[in-house]
Each structure stands twice: as structure tokens, then as C-alpha cells.
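Enquirer: Chains as they are written, first to last, in this note's numbering: chain A, 4 to 115; chain B, 7 to 118.
All C-beta atoms in this analysis are idealised placements derived from N, C-alpha and C, irrespective of residue type, glycine included.
Once you've had a glance at the structure underneath, I'll fire off some questions.
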């Protein structure tokens, strides 16, 4: 089955700097890669997703890149703000009839 | 429209007891997945139901079971509770494959 590795597990950045979180997946047939943000005590919420026919997607300060050959995808947050502090989860979906498989999460702390 | 609703929000049980958690998906969503969240382990997949059928199952012991009703509401049951079952249990609903999964607030289960 699919396996998703996520790094780093914790990340601290200064406000205004960029943050990058990387994930690798095992199944080359995976075709959907969402990123979720979970603030303390709240539910995970989708912040951006990418499909296998696209190499990059941007939404304001966040972007996701996908390298299908290397089987990895990354989340990029620019101009970080304290409210970006949260746990971020990547996930991969192998096919329409299989569940999302999540990485173990990255705790991002943005220091003002 | 109403989001994913999980009840109860908090639960304290004694070892050996059993527990039932409920999840009401977003109206029109037929897929409901359950995840166990513990510190450092991320979101571990329990099972997924689609149109009242269990479509996928994760690597959890048989003490964990679930079902889905005709209105798409889902329940999960854990029998013979163990201390290690203490966790946040999240359910997520989605309209179809490869579309955004929406999470509920979760049920925080504490086994003493």
C-alpha cells in the first residue's frame, strides 16, 4: 500500500522567512496530493492540493510542487506569519477507491 | 451548509469498556473515513465507508469496527478498551474520490 514520509517533524522559522515541508510517497500511481493545516485544538483543514497532471500550484503565500519522477511533493510558505504556526500534514491518494494516506505531520512555529 | 459533526466531543472510559462514536457527514457526501490521531503518529487510517459498505480498512485490531447507515451517518465502535486507545478520533467526509475531505472536530477519547 501507499506510504508517505514527511520531513521535518518540527520546523521553526523567523516571521517573514520561508518554510518548506517535504513529503515522499511510495506508490507511483498516486494521483492526488492534498495538504492540511491543523491549528491547536482544531480540525485539519485543506489548504492546498495538487493532482498528478500538474507540477506546481500556488495560492497567495502558499505553493505546492510535485516531482512525479522522484515521487516527492513539497509545501512552500513564503513571508511566514505567526498565524501560520500549526501542524501541517501531507497526504497521498492512490486511486479513487483507496483512502488518503497521511504523513506524520510537521509542527511549524513562526517566531515573531 | 452544515459541516461534519462528531459526537460526543469528549469521552472518558475505563479499560475493558466499549465505546461508540458518531459522525454525521456533510449532506450529500457518501464517503466517510475514520482516523486515529495520537501525538507523533499523525493520522492513522481506521476504515472508510461508502454507501453503507466498508470499502477500506486500516491496520487496526478487530476491536475497532464501524458501520454506515443509509443516511451516510457513520459510527465506530471500540470494544474492550485499552489505555493505548486514548486518542483523538477524527472522521472525514467527501463527495467523491479525489475530492476534498472535510474533517469533523473529533472525539477526544481518554481511557483510564
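With distances taken between CB atoms, is the gap from residue 86 of chain B to residue 69 of chain B smaller than 8 Å?
Expert: Yes, they are a contact pair.
Enquirer: Compare the C-beta of residue 107 of chain B with all C-beta atoms of chain A and state if any pair is closer than 8 Å.
Expert: Closer than 8 Å to some Cβ of chain A, the Cβ of residue 107 of chain B qualifies, so yes.
Enquirer: Residues of chain A with CB under 8 Å from residue 51 of chain B, in chain order?
Expert: Here the neighbours are 102, 103, 104 and 105.
Enquirer: Is the beta carbon of residue 117 of chain A sitting closer than 8 Å to the one on residue 5 of chain A?
Expert: The structure shown does not extend to residue 117 of chain A, since chain A spans only 4 to 115, so no value can be given for it.
Enquirer: Against residue 23 of chain B, what residues of chain A qualify as contacts under a CB-to-CB distance less than 7 Å, listed in chain order?
Expert: Neighbours of residue 23 of chain B on chain A: none; closest Cβ ~26 Å, over 7 Å.
Enquirer: I think residue 48 of chain B touches residue 60 of chain B, with their Cβ atoms under 8 Å apart; what is that distance to the nearest whole Å?
Expert: Actually they are not in contact, since the Cβ atoms of residue 48 of chain B and residue 60 of chain B sit about 22 Å apart, beyond 8 Å.
Enquirer: In chain B, which residues lie with their C-beta within 7 Å of the C-beta of residue 108 of chain A?
Expert: Ordered by position in chain B, the residues that pass the 7 Å Cβ test against residue 108 of chain A are 48.
Enquirer: Which term fits residue 53 of chain A, buried or exposed, when burial requires 16 or more other beta carbons within 10 angstroms of its beta carbon?
Expert: When all chains shown are included, residue 53 of chain A counts as buried.
Enquirer: Listed from N- to C-terminal order along the chain, which residues in the stretch 53-86 of chain B have their beta-carbon within a distance smaller than 7 Å of any beta-carbon of chain A?
Expert: Correct list: 54, 61 and 62.
Enquirer: Classify residue 18 of chain A as helix, strand or coil using the three-state DSSP reduction.
Expert: The answer is coil: DSSP assigns residue 18 of chain A none of H, G, I, E or B.
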